[in-house]
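Participant: Got a structure for you, written out below as C-alpha cells; questions coming shortly.
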Amino acid sequence: MAMLDATEAPLDDLRRAADAAFARKRLIGFAAPLAVLVYFAYIFVAFNILELAERARMDNAAVLVSDAYSYKTHVTHNNRTGGLTIAVEGEKKGTYPENMVPDFVTKTGDDAAQITLSKGYTAQIDGSSLWLDVPGRGTIHVAVEGRNIILDAPATIPPNWISASKARVDITTPGGRAIVTRARTEVFHYAFGWELFWFTLDSPFYGKSLGELVSLAMHGPPLVQGKGNLSAMVSDVWNNEMWRHKDVMWAIFETILMAFLGTMGAALVALPLAFIAARNFNRLAPVRFAVRRVFDFVRGVDGLIWTIILSRAFGPGPLTGALAILLTDTGSFGKMFSEALENVDNKQIEGIQSTGATPLQRYRFGVIPQITPVFLSQILYYLESNTRSATVIGAITGGGIGLLLTQAIITQKDWEEVSYYIVLIIVMVMVMDWVSGILRRRLISGGNDT
Amino acid sequence: MADLSMGATQSIDDIRGAYLAMTRTKRLYGAIMLIVFVALMTSGFILADARNAGGFWNGIFHIFQFPGEVLAEAREKAANLPGLMVKFFPSLIETLNIAAASTLIGALFAIALSLLATRSLAKFPWLITPIRRVMDAMRAIPEIVIALVLIFILGGGPVAAMIAISFHTVGALGKLFSEVNENASLQPVEGLASVGASWTQRMWLGVLPQVAPNYVSYALLRFEINIRASAILGFVGSGGIGYDLKTAFSWGQGRYDEVAAIFLLLFLTIVFFDQVSAYYRNKLVGRV
Numbered sequence: 001m002a003m004l005d006a007t008e009a010p011l012d013d014l015r016r017a018a019d020a021a022f023a024r025k026r027l028i029g030f031a032a033p034l035a036v037l038v039y040f041a042y043i044f045v046a047f048n049i050l051e052l053a054e055r056a057r058m059d060n061a062a063v064l065v066s067d068a069y070s071y072k073t074h075v076t077h078n079n080r081t082g083g084l085t086i087a088v089e090g091e092k093k094g095t096y097p098e099n100m101v102p103d104f105v106t107k108t109g110d111d112a113a114q115i116t117l118s119k120g121y122t123a124q125i126d127g128s129s130l131w132l133d134v135p136g137r138g139t140i141h142v143a144v145e146g147r148n149i150i151l152d153a154p155a156t157i158p159p160n161w162i163s164a165s166k167a168r169v170d171i172t173t174p175g176g177r178a179i180v181t182r183a184r185t186e187v188f189h190y191a192f193g194w195e196l197f198w199f200t201l202d203s204p205f206y207g208k209s210l211g212e213l214v215s216l217a218m219h220g221p222p223l224v225q226g227k228g229n230l231s232a233m234v235s236d237v238w239n240n241e242m243w244r245h246k247d248v249m250w251a252i253f254e255t256i257l258m259a260f261l262g263t264m265g266a267a268l269v270a271l272p273l274a275f276i277a278a279r280n281f282n283r284l285a286p287v288r289f290a291v292r293r294v295f296d297f298v299r300g301v302d303g304l305i306w307t308i309i310l311s312r313a314f315g316p317g318p319l320t321g322a323l324a325i326l327l328t329d330t331g332s333f334g335k336m337f338s339e340a341l342e343n344v345d346n347k348q349i350e351g352i353q354s355t356g357a358t359p360l361q362r363y364r365f366g367v368i369p370q371i372t373p374v375f376l377s378q379i380l381y382y383l384e385s386n387t388r389s390a391t392v393i394g395a396i397t398g399g400g401i402g403l404l405l406t407q408a409i410i411t412q413k414d415w416e417e418v419s420y421y422i423v424l425i426i427v428m429v430m431v432m433d434w435v436s437g438i439l440r441r442r443l444i445s446g447g448n449d450t
Numbered sequence: 451m452a453d454l455s456m457g458a459t460q461s462i463d464d465i466r467g468a469y470l471a472m473t474r475t476k477r478l479y480g481a482i483m484l485i486v487f488v489a490l491m492t493s494g495f496i497l498a499d500a501r502n503a504g505g506f507w508n509g510i511f512h513i514f515q516f517p518g519e520v521l522a523e524a525r526e527k528a529a530n531l532p533g534l535m536v537k538f539f540p541s542l543i544e545t546l547n548i549a550a551a552s553t554l555i556g557a558l559f560a561i562a563l564s565l566l567a568t569r570s571l572a573k574f575p576w577l578i579t580p581i582r583r584v585m586d587a588m589r590a591i592p593e594i595v596i597a598l599v600l601i602f603i604l605g606g607g608p609v610a611a612m613i614a615i616s617f618h619t620v621g622a623l624g625k626l627f628s629e630v631n632e633n634a635s636l637q638p639v640e641g642l643a644s645v646g647a648s649w650t651q652r653m654w655l656g657v658l659p660q661v662a663p664n665y666v667s668y669a670l671l672r673f674e675i676n677i678r679a680s681a682i683l684g685f686v687g688s689g690g691i692g693y694d695l696k697t698a699f700s701w702g703q704g705r706y707d708e709v710a711a712i713f714l715l716l717f718l719t720i721v722f723f724d725q726v727s728a729y730y731r732n733k734l735v736g737r738v
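Protein chains in written order, with our numbering: chain A, 1 to 450; chain B, 451 to 738.
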C-alpha cells in the first residue's frame, strides 16, 4: 500500500510535468512563427515596402539587363559641323576609322548611310534627315529645319514609341532606336555580345575568327612590324582600351593581395599575443586580461571603422585595405588561437618535459604540432572570406576590384563592364574557396584523404 | 647468433639513417616554405606600398592624427555626445533591422534549401548537386555587388541592403544547416514515414526539432556578422547608421563629434550583440 502511494505520487508529478512541457512546446510552436510574422509586418511598414514598389525604376532594370548581354553601335551625323561617325557604345575609343564600316552600315555618301537594324527595320541618314522604315507600318521621317525638328510619322506607329518636342525627337522601337536633336542625328544598332572584348578596332586582329587567329599565331606573316603575331595579339588584348584588361587584372590581383597580406599579417601578430592571452601559458592574470580586452576592442571596432581611420593615414590603395583586414582579424585570430591553446592536450607536453626538454623545446615539440592544423585551417578559411571583404573594403577606400565596380556602377551606363566585373569577382572568390579547401584538406589530413 | 645481432644493429642504423633523412627533408621543406612565405609577404608588402596613394612609412606616423582629431573634438563637445547618440539611434535601429530581417529571411530560405540538399532527406535527389552549386554561388557573391546594383534600381534605402545580405546569408547558412542535417538521426523520420507522413510533415516534425538549437546558434552567429555587413553597406549608400557615418565623415572637421558618437554607438552595439549571442549560443549548444 505504501509502495503504491510512493509510485502514484511521482507518476502524477511526471504526468503534470509532461503536460506542462507539452503546453510549453505547443506555445513555442505557435508563438515563434507568429513572432516572425509580426516582425516581418513591422519591417514591411518600417522599410516602406509599398512606397518602394512605386519608386522602383523597372526601366533601369531593363536597361541594366539588356546592356549586360548586348552592345549598341551609334551611327551619328553631326548636324553642326557635318560628318558621319560610327562608334561602339558611342565611345571615342570604340570609333570606327574612316575607311572601316561595320557590315550593317552602307555608306551612300560623305554624310549619308543606310543602316540595317534588327527585325527587318532599316534606317537611313542623309545629312540631318532621318528615315526609319518600320516593316508593315510605313516610314517615320524626321528632319531638322532651322531651329525646329519636324516629325512626320504615319498613324500606324504606336504613339508610345515616340517622344517628340521641338528640340528633340526620340524614337524607340523593338528593332532599334533613333534620336534627332539640333546637334545630331543618331541611330542605335543593338547586337548580342560584348563587342571589342578581345581586340579593339585599331588592332589588325579585329574581326578575325578564332581559326584565323590560331593560324596567324602559328605561321602567318607578321601583321605588326617587328613583333611575332602571338605576342602582338597578347599585347593588343592586354592593352585593350575599351575593356582595360590590364587594369582589371591588376585590380583583381590587388584584392587578393589585400586579403593575403591582411590575413597572414594578422596571424603573425596574433600568434605571440595568443600565447600571452592563454591561461596555461601565462600565469599573470592582469596581463592576460589586458591582452584579451585588446582583442575584444580591435574586433568590436569593426573593419568599417578601421578602414575609415586607416584611409585617413595611408590614403586609398591596397595597403590600407590590407592593414584594415590585419587589425580586425588580429582580434578574431587572437581570440580563436588563445582558446585553442587553452584546449591543448597536456600529456604531450608532459611527455616531452619528462625527457628533460627546455621550455622552448616543449613549445616546439609539445604544443606547435598540436595547434598547427587547427590554426592553418582557420587562417585559410579566413583568407577565403577576406577575399570577399577585400572587395567591399576596396569599394570604401578605393582600391582593387571594388573600386572598379563602384566606378562602373556610378557611370550608370557601362553595365556590360559591371557584369564582367561581377563574373570576375565570383570566379575569384570561388577559386580562393577551392584552393583554400584543397590546402585545408592536405594540411589537416596530410594529403591522405580527399 | 653473431649474424643476427649484426643484422639487428645494421637495421637499427638503417632505421636511424632513414629517420634522420626524413627529418632532414622535412626540415628542408619547412625552410623552403618559410623562405617562400617570407618572400611573398615582403614582396607583397612592397608592392602594396608602391600601389598605395600614401606610403606606409609616411602614414604610420600619422596614424593617430585622425583619431586624435576626432577625440579632441569629441572631448571639446562632450556635452553633445549623449544628444547625438539619441539623434542617431533611429539609424542604428534601421541597421539592426536590416541585419535581423535579412538573417530571418536568409535562414528561412536556407532551411528549405538545406533540407533539399541533404543526401538522406532530399525530396528530389537529382536536385542535390544543383542546389549545392547555387548555394556556393550565393555565398561567393559579395553583398556589396548586389547592393550596388539594387540601389540603381530601387534607389537608396534599407531594402537593397536587406536583399543583398539575405542573398549571401542563404548561401552561408544553407551550407552550415545542411552539415547539421547530415548528423540528424533518421529514426524519427522513418517513424513518421511509416505512419504515412508527407515530406513536409517528416521535415517539420522529424528533423526540425532535432536541429533547431544548432540552427538558432548558427543564425545568431550570422546575425552578428550581418550587423557589421549592414553598417558597411550603409556606408556605400543604403541607409542606416553607415550612411550617417559617411555624411558626418565627409563634412570633415566640425562634425567630428558626430563621427565620434556614431563610432561609439556602433562599437557598443557590436560588442553588446557579440556578448548576447555568445551567451545564447553556448547555452543552446550546451543543451544539445
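Ideal Cβ placement from N, Cα and C applies to all residues, glycine included.
If the cut is a Cβ gap below 9 Å, which residues of chain A does MET491(B) touch?
Facilitator: PHE260, LEU261, MET264, GLY265 and LEU268
Participant: Please report the distance separating the alpha-carbon of GLY509(B) from that of THR355(A).
Facilitator: 50 Å
Participant: Would you call ILE140(A) buried or exposed, if buried means 16 or more other Cβ atoms sit within 10 Å of its Cβ?
Facilitator: buried
Participant: Apart from the five residues on each side of it in sequence, which residues of its chain come closer than 7 Å, Cβ to Cβ, to TRP306(A)?
Facilitator: ALA324, LEU327 and THR328
Participant: Can you have a look at GLU186(A) and say buried or exposed, based on whether 16 or more other CB atoms are within 10 angstroms of its CB?
Facilitator: The residue in question, GLU186(A), is buried, as its Cβ has 16 or more Cβ neighbours within 10 Å.
Participant: With distances taken from CA atoms, which of GLN378(A), LEU424(A) and PRO222(A) is nearest ILE591(B)?
Facilitator: LEU424(A)
Participant: Can you tell which of ALA550(B), ALA572(B) and LEU566(B) has the C-alpha that lies nearest to the C-alpha of ILE613(B)?
Facilitator: Selected option, being the one with the closest Cα: ALA550(B).
Participant: Does the beta carbon of ALA670(B) come closer than 7 Å to any beta carbon on chain A?
Facilitator: According to the sequence shown, residue 670(B) is Leu rather than Ala. By this cut-off, LEU670(B) is not an interface position.
Participant: Closest by CA to ILE603(B), which one among MET430(A), GLN412(A) and ASP433(A)?
Facilitator: GLN412(A)
Participant: Going along chain A, which residues have a C-beta under 7 Å from PRO608(B)?
Facilitator: PHE47
Participant: Below 8 Å, can you find three or more Cβ-Cβ pairs linking the region 638-645 of chain B to the region 613-630 of chain B?
Facilitator: no
Participant: Identify the continuous beta strand (DSSP E) that holds GLY176(A) and give its terminal residues.
Facilitator: 176-181
Participant: For ARG168(A), does the three-state DSSP call read helix, strand or coil?
Facilitator: strand
Participant: Output needed in chain order: residues of the region 316-342 of chain A with a Cβ under 8 Å from some Cβ in chain B.
Facilitator: PRO316, GLY317, PRO318, LEU319, THR320 and ALA322
Participant: Please tell me whether TRP131(A) has its Cβ less than 7 Å away from any Cβ of chain B.
Facilitator: no
Participant: Using 8 Å as the Cβ pair cut-off and three pairs as the minimum, do the region 341-349 of chain A and the region 272-287 of chain A touch?
Facilitator: Cβ pair count under 8 Å is three or more, so yes.
Participant: Closer than 7 Å, CB to CB, is MET451(B) near chain A or not?
Facilitator: The pLDDT assigned to MET451(B) is 46, lower than 50, so where the model puts this residue is not dependable, and the model offers no usable value.
Participant: Grouping DSSP H, G and I as helix and E and B as strand, with all else coil, what is ALA528(B)?
Facilitator: Of the three classes helix, strand and coil, the one that applies to ALA528(B) here is coil, per DSSP.
Participant: Per the DSSP calculation, ILE149(A) is bridged to which residue(s)?
Facilitator: VAL144(A)
Participant: Check the Cβ of VAL686(B) against every Cβ in chain A and list those closer than 9 Å, keeping chain order.
Facilitator: VAL392, ALA395, ILE396 and THR406
Participant: Just to confirm my understanding: we take ASN240(A), look at its own chain, exclude 5 residues before and 5 after, and list those with CB closer than 6 Å. What are they?
Facilitator: THR200
Participant: To be precise: take each residue of the region 419-430 of chain A, compare its Cβ to all Cβ atoms of chain B, and keep it if any distance is under 7 Å. Which residues remain?
Facilitator: Answer in chain order: ILE422, ILE425, ILE426, VAL429 and MET430.
Participant: Along chain A, which residues have their Cβ under 9 Å away from the Cβ of ARG501(B)?
Facilitator: What ARG501(B) touches in chain A: TRP250, GLU254, LEU257, GLY317, PRO318, LEU319 and GLY399.
Participant: Examine the Cβ distances between the region 385-395 of chain A and the region 256-273 of chain A and report whether three or more of them are shorter than 8 Å.
Facilitator: yes
Participant: Using beta carbons (cut-off 7 Å, strictly below), is ALA549(B) in contact with chain A?
Facilitator: Taking Cβ atoms only, chain A never reaches closer than 7 Å to ALA549(B), which makes this a no.
Participant: What residue does the alpha helix (DSSP H) around GLU89(A) start on, and which one ends it?
Facilitator: DSSP places GLU89(A) outside any alpha helix (DSSP H), giving it a letter other than H or E.
Participant: Based on DSSP bridge pairs, tell me the residues matched to THR116(A).
Facilitator: DSSP output for THR116(A) lists THR122(A) as bridge partner(s).
Participant: If you measure between the beta carbons of THR263(A) and GLY394(A), is that distance less than 7 Å?
Facilitator: no
Participant: Give me the chain A residues within the contact set of VAL486(B), using Cβ-Cβ distance strictly less than 8 Å, ordered along the chain.
Facilitator: Among the residues of chain A, none has a CB under 8 Å from the CB of VAL486(B); the nearest is roughly 12 Å distant.
Participant: Taking only three categories from DSSP, how would you classify PHE574(B)?
Facilitator: coil
Participant: Using the Cα positions of ILE548(B) and LEU716(B), report the straight-line distance between them to the nearest angstrom.
Facilitator: 14 Å
Participant: Given a cut-off of 7 Å, decide if ARG678(B) and ASP296(A) are closer than it, judged by their beta-carbon atoms.
Facilitator: In this structure, ASP296(A) keeps its C-beta atom at 7 Å or more from the C-beta atom of ARG678(B).
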